[in-house]
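Structure, as structure tokens:
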Amino acid sequence: MLANTTRTLTEAQREQWAVDGYLQIEGALSSAEVDFFSRLLDDTVRTAPGYEPAPGALPRGHYAWKLPDQNKDAFMDRRDLLPYHQAFIDLIDRPAIFDLILDLMGPYIQFSMSQAIVRASTDLFPGYIHTDGGQAQKAIRVSETSRPLAVKVMYLLTDVTADNSGNFTVFPGSHLRPFPERAERVPHPGMPGAVPLLGKAGDAYVFPHALWHGPSPNHSGKARKTLLYNYCQMFMRAYDFSGPYAAILDRCTPRQRRLLGDLGHDFRPGDFFYAPEDQEAVMTGA
Ligand SMILES: O=C(O)CCC(=O)C(=O)O
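To convert, note that position 88 of the sequence shown is 87 in numbering that gives the first Met the number 0; the numbers rise steadily by one, no gaps.
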């Protein structure tokens with residue numbers, strides 16, 4: 000595990016990013032923040048309806064407006080967290096992690112998705128291995144010297160100290176090569192090459208869309224809670240909103256507004272491909 004207290008990646012982190020395709024940042028959230036977000040999920044997010052998966056009604060990756068199971072240890076997969084609390088907005092560009100995102104991705108980026116997942120302890124979920132970004136991006140990879148297209152940060156809100164505890168499971172190096180995915184060889188967390196990661200509440204995993212990854216089964220006897228924040232290059236689309244995220248812009252700083260698609264003017268051709276001239280200054284806070 001690589002701790003990081005600097006505003007840019009260390010050489011060891013840069014190498015791990017290029018070769019393995021992920022980073023683990025220790026203590027990205029303090030224990031007070033872990034408790035705060037955990038309570039927010041239990042007492043605010045779960046108790047209100049919101050965007051949740053609807054298996055059987057909608058395809059995988061699509062979300063319907065639903066109230067989840069009210070048991071705090073039951074499965075929940077809530078999308079679009081930002082409207083629920085200012086703290087979710089402020090987590091978008093929390094310096095300790097956002098500085099690293101800027102270092103990895105460069106300044107021409109936007110925020111594209113927020114999510115909270117509670118993985119219940121159950122014998123019914125076998126885990127799920129995938130890349131991010133839908134069908135097309137499964138086959139789109141960039142080289143180890145390229146900036147990534149999209150990066151996700153997964154914050155652990157519970158300790159994951161043993162295998163089969165809903166571990167974030169990765170296939171190191173899989174972001175760089177074709178990965179076999181056939182009906183007779185559906186990727187799963189128990190197959191050769193899978194590395195189930197351990198971590199403490201407050202740690203963050205950072206990974207690009209192309210890394211094959213996903214949750215292991217959870218037989219630990221306790222629910223595993225996470226927050227997920229996704230960033231992409233500006234020329235791509237956000238998952239959770241289309242166009243500037245108008246409903247919450249008045250609660251945002253200039254940098255957050257820009258990350259949520261507010262370019263400071265009404266849409267004109269060329270936008271999002273060619274960024275405003277102050278983009279770098281807005282992103283770095285210069
Ligand atoms: O560990 C989980 O619950 C899911 C995380 C994941 O695979 C993802 O967000 O893409």
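Built from N, CA and C at the ideal position, the CB exists for glycine as well.
Check	Outcome
M233 versus G269: straight-line alpha-carbon distance, rounded	12 Å
DSSP state of D68 mapped onto helix, strand, coil	coil
Range of the contiguous beta strand (DSSP E) that encloses I116	I108 to R118
Beta-bridge partners of L53, as assigned by DSSP	Reading the sequence as shown, one finds Ala at residue 53 and not Leu. The partner list for A53 (beta bridge, DSSP) is empty, contrary to what the question assumes.
Contiguous beta strand (DSSP E) assignments of at least 3 residues, all confined to the segment 199-271	203-207, 212-214 and 223-232
Where the alpha helix (DSSP H) through F36 begins and ends	S30 to L39
Extent of the continuous alpha helix (DSSP H) to which I139 belongs	First-last for I139: undefined, no H or E at that position.
Neighbour-count burial assignment, K224, 16 or more Cβ in a 10 Å radius	buried
Reduced DSSP secondary structure (H/G/I, E/B, other) of S164	strand
Where W16 falls, given that 16 or more other Cβ within 10 Å makes a residue buried	buried
Euclidean distance between Cα positions of D162 and Q255	37 Å
First through last residue of the alpha helix (DSSP H) which encompasses M190	No alpha helix (DSSP H) contains M190, which DSSP labels as neither H nor E.
Identified DSSP bridge partners for M153	Y204 and L227
Stretch pair the segment 197-213 + the segment 124-142: three plus CB contacts closer than 8 Å	yes
Distance cut-off 8 Å: F178 Cβ against heavy atoms of ligand 1	no
Ligand 1 heavy atom lying under 8 Å from the CB of P214	yes
Per-residue DSSP class, three states only, for A2	At A2, the pLDDT of 45 sits below 50, so the modelled position is not reliable; the number obtained from the coordinates is stated separately. Three-state result, A2: coil.
D42: first and last residue of the uninterrupted beta strand (DSSP E) it sits in	It is not in any beta strand (DSSP E) - D42 carries neither H nor E in the DSSP assignment.
Paired residues, beta bridge with L22 - DSSP	V205
Y127 Cβ short of 8 Å to ligand 1 heavy atom set	yes
Cα-Cα separation, D92 to F170	28 Å
As assigned by DSSP and simplified to three states, the class of Y127	coil
Whole-number beta carbon distance between I88 and Y230, since they are thought to touch under 8 Å	So it is not a contact: roughly 15 Å between Cβ atoms.
Reference V33, options M104, Y62, A115 and P58, closest by Cα	A115
With 16 other Cβ atoms within 10 Å as the buried cut-off, status of G201	buried
DSSP-derived helix/strand/coil call for R181	strand
First through last residue of the alpha helix (DSSP H) which encompasses D158	Careful: D158 lies outside any alpha helix (DSSP H) and carries neither H nor E.
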